[in-house]
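Input: a single structure, listed below in structure tokens.
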Amino acid sequence: MEFLVFDIKGRYAHFRKFYTNSSSLSYSMPPRTTLEGIIAAILGLERDSYYDVLSSDNLNLSVRKLASTRKILQSLNYIKATSPSKIIKPEEHTQVPFELLTGEDGIKYRIYVNHKDSQIMDKLYERLKNEKYFYIPYLGAAPFNCSISFLGKIEGEEIFSQDYIEILTPIRKSLIIDGGLDITSVNGILIKEKMPRDFKSGRIVKEVEDYIYEEGGNSLKVKLKSPYYKIGNENIVLI
Numbered sequence: 051m052e053f054l055v056f057d058i059k060g061r062y063a064h065f066r067k068f069y070t071n072s073s074s075l076s077y078s079m080p081p082r083t084t085l086e087g088i089i090a091a092i093l094g095l096e097r098d099s100y101y102d103v104l105s106s107d108n109l110n111l112s113v114r115k116l117a118s119t120r121k122i123l124q125s126l127n128y129i130k131a132t133s134p135s136k137i138i139k140p141e142e143h144t145q146v147p148f149e150l151l152t153g154e155d156g157i158k159y160r161i162y163v164n165h166k167d168s169q170i171m172d173k174l175y176e177r178l179k180n181e182k183y184f185y186i187p188y189l190g191a192a193p194f195n196c197s198i199s200f201l202g203k204i205e206g207e208e209i210f211s212q213d214y215i216e217i218l219t220p221i222r223k224s225l226i227i228d229g230g231l232d233i234t235s236v237n238g239i240l241i242k243e244k245m246p247r248d249f250k251s252g253r254i255v256k257e258v259e260d261y262i263y264e265e266g267g268n269s270l271k272v273k274l275k276s277p278y279y280k281i282g283n284e285n286i287v288l289i
């Protein structure tokens with residue numbers, strides 16, 4: 051399978067947890083749905099128009115964390131704006147806790163993309179190669195813009211194995227065999243987060259998965275029920 055591989059980097063990010071209420075809490079990794087939005091922005095697909103074409107049935111996707119991150123909790127003043135005049139002269143304010151994601155040298159992720167439609171792959175390849183993004187990509191929220199470094203079109207070898215494999219990307223819990231996570235080999239902090247995998251019409255969460263990864267981006271040694279992909283010296287699974 052051929053993947054388009056690129057790095058995204060920024061200073062701050064906010065990947066809002068889908069189940070959070072008034073407090074805007076953030077994931078440490080961009081969920082699959084956020085990555086779909088970044089790809090849609092590059093391609094020029096309108097908001098809410100791409101949930102089928104970029105769904106997990108059509109788009110093979112993965113992400114790797116390239117640097118450790120930390121979270122900062124800020125309070126934002128939101129305005130209750132029921133009309134344009136209320137924006138100019140607001141009468142009511144609400145303070146909302148807002149979790150920011152940052153790192154010592156910013157935030158950096160590596161994204162791996164394969165689409166079943168060769169025309170979409172070709173279009174995405176041209177836009178990444180020529181740095182011609184239809185919309186400006188950002189890291190979860192519009193104030194947090196990012197830069198993109200295209201690494202190329204790289205062949206990924208699909209491999210089935212019953213042995214322990216070191217995987218660098220988040221792993222769906224459902225893909226790990228019972229007792230197939232080697233806890234003793236974890237070099238860092240083990241994270242498990244519940245993330246949306248797909249949206250359906252109306253921006254309603256269609257599928258949710260538990261993902262496991264190491265906070266600093268180190269590999270996890272696991273036994274898998276499904277194949278993994280070897281891209282250069284990196285082992286990844288689809289998210």
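Residue numbers (this note's numbering): 51 to 289. Just so it is clear, CB atoms sit at the ideal spot from N, CA and C, and this is done for glycine as well.
- For L75, the CB contacts under 6 Å within the same chain, skipping 5 residues up- and downstream, are K67, E149 in chain order.
- Put simply, of I286, S78, K242, K256 the residue whose alpha carbon is nearest the alpha carbon of K158 is S78.
- Burial is judged here by how many other beta carbons sit within 10 angstroms of a residue's own beta carbon; F210 has fewer than 16 and is exposed.
- Between the C-alpha atoms of I161 and I198 there is a straight-line separation of about 10 Å.
- Secondary structure of P134 (DSSP, three-state): helix.
- Between the alpha carbons of A90 and E96 lies a gap of roughly 7 Å.
- Judged by DSSP secondary structure, K179 falls outside any beta strand (DSSP E) and instead within the alpha helix (DSSP H) spanning 168-180.
- Below 8 Å, enough C-beta pairs join the region 246-260 and the region 82-89 to call them touching: three or more.
- For G87, the enclosing alpha helix (DSSP H) covers residues 82-93.
- S105 carries a coil assignment under DSSP once its states are collapsed to helix, strand and coil.
- Note on the region 187-263: whole beta strand (DSSP E) runs with a minimum of 3 residues are 197-205, 207-209, 215-217, 226-231, 240-250, in chain order.
- Setting aside the 5 residues that flank it on each side, Y278 is surrounded in the same chain by I209, I215, I217, N285, I286, V287, each with a C-beta closer than 7 Å to its C-beta; the list follows chain order.
- Judged by their CB atoms, L201 and D57 are nearer to each other than the 8 Å cut-off.
- Closest in alpha carbon position to F65, among P193, R222, P140, Y185, is P193.
- CA-CA distance, V236 to F53, rounds to 28 Å.
- H143 is bridged by DSSP to I129.
- If you check the CB distance, I281 and V55 come in under 8 Å.
- The straight-line gap separating the alpha-carbon atoms of S73 and Q212 is approximately 42 Å.
- Per DSSP, the continuous beta strand (DSSP E) segment holding V163 begins and ends at 157-165.
- Between S106 and D248, the beta carbon gap of about 6 Å places them in contact (Cβ cut-off 8 Å).
- Going by DSSP, D98 is part of no beta strand (DSSP E) at all; its letter is neither H nor E.
- For I289, there is no enclosing beta strand (DSSP E), as DSSP marks it with neither H nor E.
- Between S276 and L225, the gap from beta carbon to beta carbon is short of 8 Å.
- Distances from the alpha-carbon of N127 to those of Y183, I137, K121 put I137 closest.
- Put simply, of T234, P246, T219 the residue whose alpha carbon is nearest the alpha carbon of G267 is T219.
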